[in-house]
Structures are given as C-alpha cells and as structure tokens.
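This report concerns only the one structure given below.
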Amino acid sequence: KNEVEQSPQNLTAQEGEFITINCSYSVGISALHWLQQHPGGGIVSLFMLSSGKKKHGRLIATINIQEKHSSLHITASHPRDSAVYICAVISARQLTFGSGTQLTVLP
Amino acid sequence: GAVVSQHPSWVICKSGTSVKIECRSLDFQATTMFWYRQFPKQSLMLMATSNEGSKATYEQGVEKDKFLINHASLTLSTLTVTSAHPEDSSFYICSARVRGFNYGYTFGSGTRLTVV
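Respectively, the protein sequence lines represent chains A and B. Heads up, the first sequence stops at 107 in the numbering used here, and the numbers go up one at a time, no gaps. Heads up, the second sequence stops at 1116 in the numbering used here, and the numbers go up one at a time, no gaps.
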C-alpha cells in the first residue's frame, strides 16, 4: 500500500465546475504539499499546510491531521487549470509523493 | 522568490556519453538539493540528496557512480548521468526546501533526457 494515496487518478470537468481532489496518507507528517505539474513537466508548489485550510485565488486546500486526509478544491474551474495535481507529504524531512491526479477542464 | 533554475530543459544524447544537469538557486542559499526522476505517468522518485560541501546521499538502488552529484556551492548542484543508456531516458527534476518560504519546497523546471 502506498504511503500517499490520491483520488481520483483522472478527472474531466466542464469549465466552471467545482473540483475536488483527495489525498490520504498513512504516515505521521509535519506538513503536506499540493503541487501542480504542467504538461511540460515543471512543478509549482500551490500550498504547504500542516493544519486547517488555506486559500489562494480559486484554490482551496484543507487538511485533517487526525484523519490523515487532505483535499484540494478548485472553484470555477478553467481550461488553464488542466494539469497533474500531486499531493506530497513531508515526513522525516523527506517528501513522499502521491501518484497524481490528471485534471482536464473542457471549455 | 525562492527560484531554482534548472538547465538544460531538454537534452538528446548518444549512448555512452555523459550529460550534466545543473540546478541553481537564484535568490536563496540551498544547503540541500533533492534530485528526482520521473517516468511517464508515474510519480517522482527520490534519487539522491545533495548537501553543500559533502557527499550526496543516494537512495537504495541508485548507482552513485552512474549518477554523479556535486554540490560545491550554496547556489549550485549538478547531476551528471555518466555513460548514458536508453534506459536512463527520463525526466529529472531538482528541488530545495526553503526556510521561511510559505510554499515549503521549490522545484526546478525539470530536464527531459533522451538517450538514443
């Protein structure tokens, strides 16, 4: 069993839809990252959080430490949001990555 | 802030040659750089951790003589793929943890290596 599980693996949405990507982990962590990887491969860190909720524009990330679960929400999705979204946890000073969620937003 | 510049973004080389990939921290000092490898449709896999002024720490199964890492300064870490073979073709990306950076880790833009 992977230490970091993401769902869904693939997600197709219509422009404007509200999107949720989930991440569950099995190890103790100091923080969790949500990353965005575009087709060219470059990775951008969207959030780092260790408790509660963070918001940046149309993106919202939440984490429940007790339940070992985090969600990434995208409101009013847009085709430019199409990318792979990766959950990564920091444990023992190392990043462990989920397998990613391929999001495609159709116009 | 907290930008890591990675070069080249892509490279094609012949089997048996060596390729050097550079990661340079532009506006912070990176005492530690992480090197990852990513195969298509797969997650990032940590290859090694480079520490400025000391030997890199390699993950199990990663050949240290094949993937040479040098971290000679606080702003530059390099990964050299020696005697490259087609099975080394992959996407390589570096990352650094940035103290005081709200986003935690910053990533290079990655290098797509194709060995022919």
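Where is the CB? At the ideal position from N, CA and C, for every residue including glycine.
Contacts of residue i in chain C (Cβ-Cβ under 8 Å)
| i | result |
| --- | --- |
| residue 31 of chain A | Within the model displayed, chain C is absent; protein chains A and B are what it includes. |
Candidates the options, of which the one nearest residue i by Cα
| i | options | result |
| --- | --- | --- |
| residue 35 of chain A | A:98, A:106 and A:9 | A:98 |
| residue 1073 of chain B | B:1104, B:1039, B:1050 and B:1042 | B:1050 |
| residue 1033 of chain B | B:1042, B:1041 and B:1022 | B:1022 |
| residue 1076 of chain B | B:1015, B:1088, B:1038 and B:1020 | B:1020 |
| residue 60 of chain A | A:73, A:94 and A:39 | A:73 |
| residue 988 of chain B | B:1104, B:1089 and B:1108 | Limits of chain B in this structure are 1001 at one end and 1116 at the other, which puts residue 988 of chain B out of reach. |
| residue 1015 of chain B | B:1109, B:1065 and B:1086 | B:1086 |
| residue 1053 of chain B | B:1069, B:1104 and B:1109 | B:1069 |
Own chain residues within Cβ distance below 6 Å of residue i, not counting five before or after
| i | result |
| --- | --- |
| residue 30 of chain A | 90 |
| residue 26 of chain A | 3 |
| residue 1112 of chain B | 1010 and 1091 |
| residue 1098 of chain B | 1002, 1028 and 1106 |
| residue 62 of chain A | 53 and 71 |
Close Cβ partners of residue i (< 7 Å) along its chain, the five nearest in sequence each way excluded
| i | result |
| --- | --- |
| residue 1062 of chain B | 1047 and 1048 |
| residue 1012 of chain B | 1114 and 1116 |
| residue 76 of chain A | 16 and 58 |
| residue 12 of chain A | 104 and 106 |
| residue 8 of chain A | 101 |
| residue 45 of chain A | 33 and 35 |
| residue 1067 of chain B | 1047, 1048, 1079 and 1081 |
Same chain, Cβ closer than 8 Å to residue i, five either side skipped, listed in chain order
| i | result |
| --- | --- |
| residue 1059 of chain B | 1045, 1046, 1047 and 1048 |
| residue 1018 of chain B | 1080, 1081, 1082, 1083 and 1084 |
| residue 1036 of chain B | 1044, 1045, 1046, 1047, 1092, 1093, 1094 and 1095 |
| residue 1064 of chain B | 1048, 1056 and 1058 |
Residues that residue i bridges to, as DSSP identifies them
| i | result |
| --- | --- |
| residue 1115 of chain B | B:1013 |
| residue 105 of chain A | A:13 |
| residue 1033 of chain B | B:1050 |
| residue 1021 of chain B | B:1079 |
| residue 1006 of chain B | B:1023 |
| residue 21 of chain A | A:72 |
Residue i CB to nearest heavy atom of the ligand NAP below 7 Å
| i | result |
| --- | --- |
| residue 87 of chain A | This structure does not include the ligand NAP; it has no bound ligands of any sort. |
Inset, instruction - Report the residue ranges of all alpha helix (DSSP H) runs contained in full by the region 37 to 85 of chain A; include only those spanning at least 4 residues, in chain order. - result: none
Legend entry - contact_flag[the region 1002 to 1016 of chain B, the region 1087 to 1106 of chain B] where n(CB pairs < 8 Å) is 3 or more: Yes, since at least three Cβ pairs between the region 1002 to 1016 of chain B and the region 1087 to 1106 of chain B fall closer than 8 Å, the two stretches touch.
Inset, instruction - Could you tell me whether the region 2 to 15 of chain A touches the region 55 to 71 of chain A, where touching means 3 or more Cβ pairs closer than 8 Å? - result: no
Legend entry - Three CB pairs or more closer than 8 Å across the region 6 to 21 of chain A and the region 1028 to 1035 of chain B: no
Legend entry - Segment contact, 8 Å Cβ cut-off, at least three pairs: the region 1070 to 1087 of chain B with the region 68 to 86 of chain A: no
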